[in-house]
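A short write-up of the structure that comes next.
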Amino acid sequence: MADIRNNFVGIKSPNPFWLASAPPTDKAYNVERAFKAGWGGVVWKTLGEEGPPVVNVNGPRYGAIWGADRRLLGLNNIELITDRDLQTNLREMKQVKMNWPDRALVASIMVPCDEESWKAILPLVEETGADGIELNFGCPHGMSERGMGSAVGQVPEYIEMVVRWCKQYTRMPVITKLTPNITDIRKPARAAHAGGTDAVSLINTINSITGVDLDSFAPQPTIDGKGSHGGYCGPAVKPIAMNMVAEIARDPETRGLPISGIGGITTWRDAAEFMALGAGNVQVCTAAMTYGFKIVQEMIAGLENWMDEKGHASLSDIVGRATPNVTDWQYLNLNYVAKAHIDQDACIKCGRCHIACEDTSHQAITSMVDGLRHFEVIEAECVGCNLCVNVCPVEGCITMEPLAAGAMDQRTGKPVSPIYANWTTHPNNPMAKVAAE
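Start counting the sequence shown at 1; every next residue gets the next number (UniProt numbering).
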């Protein structure tokens, strides 16, 4: 059996599946239930400084994007950090950690961007026995307007400054949670690294409005006729999150920096993909809110079964395995040629591949052959774009078949070259021409 025990910056857990800081981790009752269901760790919902608790709205807090089958694809959240008293949270955290010493318990923290505020809260959190802290520099709504959350996360100098304070005033490992609402994710990651962070976690939620009520003309969710942007999460953000994880994992300045992957993780496969791109573990929120805590049991079983099937003995066998294969467009092999192939036995003759190719691509799929409805690839027109694969409703019916070196590409009338060549060496590249002169 594969060993999926996790050691993330010294924080140990029986598996790599943690619940992210969010409504599911707001109180001991939830966290205890999560641990009983099998979660390896939790990041407690973000704590604020002592004093009057944060005030949340008393109405709808979520907007949603659904697929055609009503499956939840994306969730917009306008809720703020915990609205429970700090001391209540700290007492519960301490008791939960005593009850579950083998599980990871990390405290998410957000306080004003001044040294005294961070210095004051850190010993209080440390006294709970928490395994680490996560600095919430990602929240894009409500708190950011108060100079916290993404207002800090969008300024690399602030990130580095606060991380340095935290490393100075606590023994606990520091995880810096990054906002995706930024042009280049590498810059805040580099700043956190320069400040001495033990790890980064990403992504936090994305600025969004998920819908507008066309009767009231108010954004959703609607509070007394008004709406606000919120934080977008769920399966729809997974591609964005994975790209940002990979960017940090392959950046020379942050390569080797531990990463906790967050964003749309719903299945074991999602988790494996994040870890292959460089994440040391993963955090989950929307999937638990949609399907309940027991979804982790499918994640655990699925990951273990896949690792056994592939011969991966431990998580270290897969973490970062895909990172070297992520490159910039300019280094892709322009001499690689692939063509679409339709399995006629599997084809249900719906015609979607033909319509997509005919109307929006390269007119490379027939609709009729010898007077009969028949869909077949015209190799002389196929550029290998794989749009047909993505619109086909039958999995595996259309595949992309690479042409062997020396084979004739009917579209160009030239044999496939065995030599690797990319844009940096292409004769149409003005920079390549300059370099050659």
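By construction, the Cβ of each residue, glycine as well, lies at the ideal position given by its N, Cα and C atoms.
Query	Result
Buried versus exposed, by CB contacts within 10 Å (16 or more), residue 327	exposed
Residue 108 and residue 92 closer than 8 Å at C-beta	no
Under the three-state DSSP convention, the category residue 261 falls into	strand
Assigned exposure category for residue 329 - 16 Cβ within 10 Å defines buried	exposed
Residue 219, DSSP secondary structure in three states	strand
Under 8 Å between C-beta atoms of residue 268 and residue 298	yes
Check whether residue 284 and residue 20 have beta carbons under 8 Å apart	yes
Cβ neighbours of residue 436 in the same chain (closer than 8 Å, five flanking residues each side left out)	Legend: pLDDT at residue 436 = 45, less than 50; position of this residue unreliable, value from coordinates given subsequently. Here the set comprises nothing.
Given 8 Å, three or more beta-carbon pairs between the region 237–249 and the region 97–115	no
Cutoff 7 Å; reference residue 61; Cβ partners in own chain excluding five residues on either side	77, 78, 79, 221
Neighbourhood of residue 182 by C-beta distance below 6 Å, restricted to the same chain and skipping five residues each side	154
Close beta carbons around residue 277, own chain, < 8 Å, minus the five adjacent residues each side	242, 245, 246, 249, 261, 320, 322, 323, 326
Spatially closest choice to residue 45 from 58, 25, 30, 37, by CA coordinates	25
Backbone secondary structure at residue 1 - three-state DSSP	coil
Residues near residue 438 by beta carbon distance below 7 Å, same chain, minus five either side	Because the chain here runs from 1 to 437, residue 438 falls outside it and cannot be looked at.
Beta-carbon gap between residue 10 and residue 173 smaller than 8 Å	yes
Segments assigned alpha helix (DSSP H), at least 4 residues, entirely inside the region 336–418	352–360, 387–391
Reference residue 366; option with closest CA among 376, 407, 2	376
Which residues DSSP lists as bridging residue 134, in chain order	108, 175
Any 3 or more C-beta pairs closer than 8 Å across the region 286–298 and the region 222–230	no
Under 8 Å between C-beta atoms of residue 16 and residue 282	yes
Proximity of residue 507 and residue 59 at Cβ, strictly below 8 Å	Here the chain comprises residues numbered 1 to 437, so residue 507 is not present and cannot be evaluated.
Alpha helix (DSSP H) segments (min. 4 residues) lying fully within the region 277–302	286–291
Expected contact under 8 Å - CB spacing of residue 106 and residue 196 to nearest Å	Not a contact, Cβ separation roughly 17 Å.
Buried or exposed by the 16-neighbour rule on C-beta atoms within 10 Å, applied to residue 171	exposed
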